[in-house]
Amino acid sequence: SSISLEERRRAETAFSEALAIRRQLAQDNPATYLPDIAMTLNNLGVLYSATQRMKDAEIAYSEAIFIRRELTKANPTVYSDDLAKSLLWMAITLATQAQDASRTCALVLEARHLAVSANVTALATQVFEKLCSSNATQK
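Quick note on my numbering: the sequence shown kicks off at 644 and runs consecutively.
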């Protein structure tokens, strides 16, 4: 069940509108809205990757990662998995563009280190095996 171009456009519009609203709200209450901004940026990154807009995806993931790094410093128990997932999405995006493998794998290794839940740990391990194991890098 693939998503139509029209549905992707509507999704992008909705995410962009949500991002604008959340940025406005975060000016008065960053602690409440920064996690939502990071989530929305991550969702935009996924959408951009799916539509082959890799540079836009990198920009969205980079900002999400920046925010999530700050959130994780303040509360690692709550935000480490979210940061790990953003790092993995960025790594996958870079890998699909045949970008620098060492940068890609550094992101994956950081995600593996940060992962708290069993699901995110398993995901990070799968991504590592696919992108960074000695078998993957020799292909």
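Every residue gets a Cβ at the ideal spot worked out from N, C-alpha and C, and that includes glycine. A quick note: this is a predicted structure, and the numbers were derived from the prediction, not measured.
By the beta-carbon neighbour count (other beta carbons within 10 angstroms, threshold 16), R711 is buried.
Residue range 697–717 is occupied by the alpha helix (DSSP H) that includes D699. Taking all protein chains shown into account, F709 has fewer than 16 neighbouring C-beta atoms within 10 Å of its C-beta and is therefore exposed. Secondary structure note for V759: it is in no alpha helix (DSSP H), with a DSSP letter that is neither H nor E.
In the DSSP assignment, Q670 falls within the alpha helix (DSSP H) that extends over 648–671.
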